[in-house]
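This report concerns only the one structure given below.
6 protein chains.
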Amino acid sequence: MEKREFDLITMGEVMLRLSPPRHARITDSSVFEKHAGGAELNVAAGVAQMGLRSAVLTKIPRSSVSAFLRNRIRFMDVSDDFLLFDDDPDSRLGIYYYEGGAYPRKPSVVYDRQNSSVTSLQFEEIPESIFTAARMFHTTGITLALNPHLREVTIAAMRRFRDSGTKISFDVNYRANLWGEDEARETIKKILPLVDVLFVSEETSRRMFQKTGSMEEIMRSYAEEFGVKIVASTRRTVHSPRVHDFTSIVYDANEDCFHTEEPYMNIDVIDRIGSGDAFVAGTLFGLLKYADAEKAMQFGNAISSFKDTVPGDLLSTSYDEIASIIKAHRSTGPVSEMNR
Amino acid sequence: MEKREFDLITMGEVMLRLSPPRHARITDSSVFEKHAGGAELNVAAGVAQMGLRSAVLTKIPRSSVSAFLRNRIRFMDVSDDFLLFDDDPDSRLGIYYYEGGAYPRKPSVVYDRQNSSVTSLQFEEIPESIFTAARMFHTTGITLALNPHLREVTIAAMRRFRDSGTKISFDVNYRANLWGEDEARETIKKILPLVDVLFVSEETSRRMFQKTGSMEEIMRSYAEEFGVKIVASTRRTVHSPRVHDFTSIVYDANEDCFHTEEPYMNIDVIDRIGSGDAFVAGTLFGLLKYADAEKAMQFGNAISSFKDTVPGDLLSTSYDEIASIIKAHRSTGPVSEMNR
Amino acid sequence: MEKREFDLITMGEVMLRLSPPRHARITDSSVFEKHAGGAELNVAAGVAQMGLRSAVLTKIPRSSVSAFLRNRIRFMDVSDDFLLFDDDPDSRLGIYYYEGGAYPRKPSVVYDRQNSSVTSLQFEEIPESIFTAARMFHTTGITLALNPHLREVTIAAMRRFRDSGTKISFDVNYRANLWGEDEARETIKKILPLVDVLFVSEETSRRMFQKTGSMEEIMRSYAEEFGVKIVASTRRTVHSPRVHDFTSIVYDANEDCFHTEEPYMNIDVIDRIGSGDAFVAGTLFGLLKYADAEKAMQFGNAISSFKDTVPGDLLSTSYDEIASIIKAHRSTGPVSEMNR
Amino acid sequence: MEKREFDLITMGEVMLRLSPPRHARITDSSVFEKHAGGAELNVAAGVAQMGLRSAVLTKIPRSSVSAFLRNRIRFMDVSDDFLLFDDDPDSRLGIYYYEGGAYPRKPSVVYDRQNSSVTSLQFEEIPESIFTAARMFHTTGITLALNPHLREVTIAAMRRFRDSGTKISFDVNYRANLWGEDEARETIKKILPLVDVLFVSEETSRRMFQKTGSMEEIMRSYAEEFGVKIVASTRRTVHSPRVHDFTSIVYDANEDCFHTEEPYMNIDVIDRIGSGDAFVAGTLFGLLKYADAEKAMQFGNAISSFKDTVPGDLLSTSYDEIASIIKAHRSTGPVSEMNR
Amino acid sequence: MEKREFDLITMGEVMLRLSPPRHARITDSSVFEKHAGGAELNVAAGVAQMGLRSAVLTKIPRSSVSAFLRNRIRFMDVSDDFLLFDDDPDSRLGIYYYEGGAYPRKPSVVYDRQNSSVTSLQFEEIPESIFTAARMFHTTGITLALNPHLREVTIAAMRRFRDSGTKISFDVNYRANLWGEDEARETIKKILPLVDVLFVSEETSRRMFQKTGSMEEIMRSYAEEFGVKIVASTRRTVHSPRVHDFTSIVYDANEDCFHTEEPYMNIDVIDRIGSGDAFVAGTLFGLLKYADAEKAMQFGNAISSFKDTVPGDLLSTSYDEIASIIKAHRSTGPVSEMNR
Amino acid sequence: MEKREFDLITMGEVMLRLSPPRHARITDSSVFEKHAGGAELNVAAGVAQMGLRSAVLTKIPRSSVSAFLRNRIRFMDVSDDFLLFDDDPDSRLGIYYYEGGAYPRKPSVVYDRQNSSVTSLQFEEIPESIFTAARMFHTTGITLALNPHLREVTIAAMRRFRDSGTKISFDVNYRANLWGEDEARETIKKILPLVDVLFVSEETSRRMFQKTGSMEEIMRSYAEEFGVKIVASTRRTVHSPRVHDFTSIVYDANEDCFHTEEPYMNIDVIDRIGSGDAFVAGTLFGLLKYADAEKAMQFGNAISSFKDTVPGDLLSTSYDEIASIIKAHRSTGPVSEMNR
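Residue numbers (my numbering), protein chains in the order written: chain Z, 3 to 342; chain Y, 3 to 342; chain W, 3 to 342; chain A, 3 to 342; chain C, 3 to 342; chain P, 3 to 342.
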């Protein structure tokens, strides 16, 4: 494949996240910490932090608040080349409020994303050059769910990326508060033939897709029915809002092979948001860099577990740091306590 | 007049204000300070801080973010008896971002208040008891400008308050970013016959209302044309975003008398937002407590100048503190440097 | 029973709590976080957060520091109608300093509450209207222990509340640093005949009250000897300052029935102060709302466990949040990780 | 005179100061900044920061809060050799709350110092060695005013210091909220014969001491009547809480000479507390180091003006820094904008 | 001239700046705020914030601290394409500590930049592509002064840029703590023939360059002697560390014309660092965008004055914001108080 | 032994430690918390906090940053009598950056200590009086490793202390990033004959010292070969960066006796840095105060475990607090949850 400027371009909504300081409550704290977030941005940031080139395609209002988001996106090494600005005076930015948990208090999210700029994105606004700019394109079910217009535009973009020789990655990321199971299933079934790499959970497979059988059978079925090449599914155990275990299964249809490993146990969860997206980022990194499903699974697990320890949606790390996490996880001998 | 539970009820939008720490930029800071704001809430809070009973009539979503606002409203001694909650899952809270200035950097505001809950307020939702609950009702041109539906509801409420023996206070507060001059003039002219106490600036009088002549002539004209009893207008000189002078003129139509005083000079402006509303609060306090236009003007000036020194939209003070400000302002002898 | 303005009125000292940021030391940190606290206020706040109407009867100096406390009390939805202000220039506010722990460092408290305003409260200062204003009255052994004068006033108030048809709740809350075991036992025995709902720990029952036998026998004995209707006792296991288990036993004398449930295990303790008072609040909420000892025990346990995760003495929550905690605790199936 | 361990020992109350962040209000802010303060400690710290050896004689409870104060005292280079600890469980630490001002909002102080440990100080508790440990002893009228017992102890100590060859410095620092003018005048007149260096304001001289005539005549009268060697008086002009001018007059009775200089104009007042004490410190430093009233006046003015720019009661500076301030103040040529 | 990827490339040291919070002292505060700084980076950031493309050529260690700087550089819209990383384990990052002033306390700087990575930069390490990548190259006398090796490399780079058709901008920025006047003069005279745009102060012209005559004569002399096309010199009046006036003179040698304007008066100085570099940025922006010395002078003055109000070394603004500052500065009519 | 002014003098580098707030990243946070650190200072502070007199011998630049360190050293009750100041304008202060961990993210350290002032310390600069000022002298292998010149000076100082009747304590503290194993072994073997109390880990004994056999045999070998009187070695189990177990073995050669105890289990690690130094401090405290190896081991374990819960390098505690930790650790009965 020819050399392209970006390894990955993602498409979706970029939001302002506002959170009280750790352990404080939205109802009570005197400040909010400011973060940039959004599932597709999180994936782009994760891949960029590992050393590949990524960009995010989205639309935000032209304002100082958006300028903060743009700055943070660049801070995280994601290109802002495809950040489109909305000059409509009524345009607005999606916001969400997130409060972490501590057992028995659960984490909670309040969304305020109705009518945000991205939902008005027109296909014609998307720069033509983008379709040949990247090796892979990634989006999620959230983008399809935001509104019917954006769904059409997103699917049209997926087709153009595919037709221009770009691999397609898709994370189902089903959100019951955004759309119903029937609408989601019908929509996603239509686009699955476009997809090379699919992220889908066991629960969504069983409930929304109405799959049955073992998880291995389910994963294989996506390949058989729709021609998906890689299917990845996470396995998370939530002991409390502050302690999780995490691993995953990655199915490589070419080899008809399932890859998994021992979970990261008793992860110290500092900020859980974006951990699923970090798994996507790590898996795509493994595929883009090594074209190796085993490595993809290892990077996915390591980055996802690592993300849980980092405040904010966006991963802040480096290839060397993650490589040493993987090494320690696979090691059976003594491991140094500290990086000096 | 009979004893009523509240001295003042105001009606308008309550918003979440988000500001970077003093002198930091929205585009750069890592946190936002959280405040409750909104012109009509600010007036209710000012009157409450002076020791009278006030409430605000508004509608906000049912969420933890709104719960923070409700808590702050009570913190400021304003009753939440007429805070209506919106259970529509698509309901949203108005937000605005405010960054203070430092010469030559101007203060700036970014609004995100489209389709907020208050714009869906139905007349039928307003508790019947409210119309006889207060001695005075106050609202502003902002509430009329937010959308046509809310305008109808607000005017209907004004009439009901008036018919139930409640005095009506109105602050024109013309905002060019919300509606045009013609629409504003036509609307407001219709409601002025309901109004007992009118707040209007010289600039708005000349431009939007197309008045001519001296400011005294203009103020008198509101009384003559529409039967307004009190007309108040502020006089602010902005030396820099951090230094203002402030005074006002209050016209008492019964006495055909103008009240004014020497300005507060070189006010240390810490947070300018809500200073105009604090003037309204002080003036209404003077009228409600003393039925005296001279005192109304003095309290209006003192509270407004004081508000400039207090972070956030909402005044935090007490009757004793403001009384000592007035005393110091009127004194010609030595004044103590500190309250011990 | 007739409709009364408040569901609960509590009586006791309201204090300023000063704490270093989480994990920092009093001896070293550069700031203190400001909180309002006090066992009886904590109970009133817990009941108010659940949606009932509560007030606190106390006395504090007239100062800006007290104004902060008053504001916080309102913030937490507790009425300040019975907050009495002390105009004596020598009056003072009780203060306590609290530092959280981390094993092996224990949490620690430094009190500075000698001669605070509340200890000068005169029976004549208490507004007559209060005695018929509430369905239930609550106080604790701390209020009795502060000084002999306040003890007399408190007992006189209890009698008047009782005589006016108010249920009486009492939390023994024995503090060895405030009074001796003999003095406490003699005093409390005299007031137990007034008490409908009693909170007492096993340790205090055995040591201060010199009870023997099983805890069930002890609880039943309070009903038999003094006519108490409900006896509640907590069961807390402290694994470390940051990890507790918690449950309780509630004895309903009418039914001669003991209610308990599986403990909340491995609670993430963010701020342990007020957790016992939150148990009282939850129990009283269950009794006031449902007149059901089983529900009282469930709400007591849930609110107490939840409080451990909230910074400050005062619970910040809502009925819906606690109801979902109870549901999750009683569920055996899968539970969602996050509130969206 | 023989070599002594300390240049200066001061005696008075050491307090915990709690302040909201700059411009925030006591009634509203969520944190307090922690400072150590007290007029006599402030003087000791100022002298220590200039490079001389100083200590403070006081009594505080044995607690973690006191340990913070002790740490801060050492941080500021003041010796804690004469910090006495109070093991009485009822002992308490004096506290004061300070909020800065911004015109027209005045700075304000709330004191909570009744019955603090220092008021129980017994003469017998003072280590015998202290009386020959220093070249100079300093205290203020505040210490005399706190309570009659402490007054006796303080005067006895003054005599012992004097008899042991220690120079005596005294700052009248009259506080109307602590004692009446008659009581103050009678008390202070008795101790003036012990005093070598006297600090007294014009206002106190005229009102409390009932002096008349020009300020020069008044200053000379203290020398003539009581044998005082140096009389110093500040001249402060308060333009606003954030802008002051400052200079002083120092009278050297030996030379019958008055020393003064052009004021520091438009000082940026960040924290006004302790500025008067810093003037005392600078003056005493000039006398102790150079035995020169002109230099004493210059150091007094420079340190006092500098203190206004430093948060907290206690001066944080160095000899070199103050020397460069004096040089710049006296310079007529160009002055560098920045210390590089 | 052909289209080039960047409008401006600057070369110099990028440092970590550590500052206590506003008004706090280095000797006392408990935290440092982290900033990226360095004269040449500041210029690149200023130009980037105005909407042109810029990059900085420098060398920093490979570490997490450097990663923070790299992230900040991208945050400010400056390209990191020419950020070279130093893998030598002994490599270090330049640091400086900055504390702002408040009259009479001066701002102060402590440098710790000895042997930083940039001083080891080899000419061979500089990517060949850089020399044709930009329309203009900018460096300062600081880079020449850091050490003799870096001086050689910098001059060699200047020549290569010049030879590749890049305009050369140079800011003398003489720092007496880095090198002597004679060494500086001899060095800079050698490179002036390469320079198109020269920034030099009156004081440096008279002292270090030993120029005499009026400032106009001096500025013209640089053009006549060395062929410089544009000479720019700032005029700053320091009323206090918090209040400055600012304007400049820009000489256009082609037109033999001097451009100046009324100063920005009473600028509210929040953070003075980088204000001189912001002037350079604004001037270069005017030249690069409009090739107009009058506009260059206006943008230089506006951006420099604006920078004084922004915390940190790096300008955070936009073209629209600066254009409105210029418009307000040149307006004689009423100007809006706030950007809404 | 004669009475000496200090119980302990330590010698080594004092550094500025900069850390992001807990759980934040160096690459991302907006502030650094400032701490004073350095292995030998940490030991001096630990001993001082327990109530003995200690001082640190080191050399730092003369700057405001150093003044902060000096202030913190005094804050922690360590004498600054032997803090030498470096007036070389090129002198620099050692810095290190520390970021805590959360599984699977490891803690990490970045050092910037090359050419710091302490490495230029001359033997002649050390005040002669120091050699007879203390009962014990302590240093570590870090000081020997920093550079060859400092190594010579340190060894010379050790000899002088030894010759002047001072006990010598030495912590091997091998750091592979500072020197190689062979160089370290050869150097340390030469000084071991001077050493009375030796701290060495099992890993360093086996790898760097090439010891074999059981840990008891190894510890005994240091006594037999070099005449060391006390050998102490820690036993730490790292479950995660936030959970450790800790105990130790202390060998008393005189008694040929090994002292150990049950580990502190599941320590809540807030800040791991300085925990090893706190063990040294506790052990030396036990030896200096009680001359008892069993108590030394107990104090070493308690203080080290306690240190893990305290932010910063330096222990902040008191004798009473540690004594109660030891009592609770050894108790088998019920232990109070909180210090009231």
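Beta carbons: idealized from backbone N, C-alpha and C, even for Gly. Computed from a prediction, not measured in an experiment: that's the story for all the values here.
On the criterion of 16 or more Cβ atoms from any shown chain inside 10 Å, does residue i qualify as buried, or is it exposed?
i, result
"residue 248(C)", "buried"
"residue 335(C)", "exposed"
"residue 329(Z)", "exposed"
"residue 106(C)", "buried"
"residue 156(Z)", "buried"
"residue 151(C)", "exposed"
Residues of chain A with CB under 9 Å from residue i, in chain order?
i, result
"residue 79(P)", "72, 73, 76 and 82"
Under 9 Å Cβ-Cβ, which residues of chain C neighbour residue i?
i, result
"residue 250(A)", "None at all; the shortest Cβ gap to chain C is about 15 Å."
"residue 15(P)", "Correct list: empty, because the minimum Cβ distance to chain C is about 15 Å."
Given this structure, state the Cα-to-Cα distance separating residue i from residue j, to the nearest angstrom.
i, j, result
"residue 308(W)", "residue 38(W)", "18 Å"
"residue 15(Z)", "residue 148(Z)", "9 Å"
"residue 264(A)", "residue 327(A)", "14 Å"
"residue 67(Z)", "residue 97(Y)", "12 Å"
To which residues does DSSP link residue i through a beta bridge?
i, result
"residue 28(P)", "In the DSSP output, where bridge partners are listed per residue, residue 28(P) has none listed."
"residue 78(Z)", "None; residue 78(Z) has no bridge partner."
"residue 37(C)", "19(C)"
I want to verify the contact list: residues of chain Y whose CB lies under 9 Å from the CB of residue i, in sequence order.
i, result
"residue 175(C)", "Result: empty, since nearest Cβ-Cβ is about 24 Å, beyond 9 Å."
"residue 312(Z)", "Result: empty, since nearest Cβ-Cβ is about 15 Å, beyond 9 Å."
What residues of chain Z sit near residue i, judged by a beta carbon separation below 9 Å?
i, result
"residue 134(W)", "The contacting residues do not exist; residue 134(W) stays about 33 Å from chain Z at best."
Closer than 8 Å by beta-carbon distance: list the chain P residues that pair up with residue i, in chain order.
i, result
"residue 117(C)", "116 and 117"
What in chain P is Cβ-close to residue i, meaning under 9 Å?
i, result
"residue 331(W)", "Under the 9 Å cutoff, chain P gives no residues; its nearest Cβ is about 23 Å from residue 331(W)."
Interface residues of chain Z around residue i at Cβ under 8 Å?
i, result
"residue 109(P)", "339, 340 and 341"
What in chain W is Cβ-close to residue i, meaning under 8 Å?
i, result
"residue 301(P)", "The premise fails here: residue 301(P) is roughly 13 Å from chain W at the closest Cβ pair, so nothing lies under 8 Å."
- Scan the stretch 214-286 of chain Z and note each continuous beta strand (DSSP E) run of 3 residues or more that stays entirely inside, going in chain order. 232-242, 245-254, 259-261 and 266-270
- What are the uninterrupted segments assigned as beta strand (DSSP E) that are 3 or more residues long and contained completely in the stretch 88-124 of chain P, given in chain order? As far as the stretch 88-124 of chain P is concerned, its whole beta strand (DSSP E) runs of at least 3 residues are 97-101 and 110-114.
- Task: Any chance you could list the alpha helix (DSSP H) runs of at least 4 consecutive residues sitting entirely within the stretch 297-323 of chain Z, in chain order?
- Result: none
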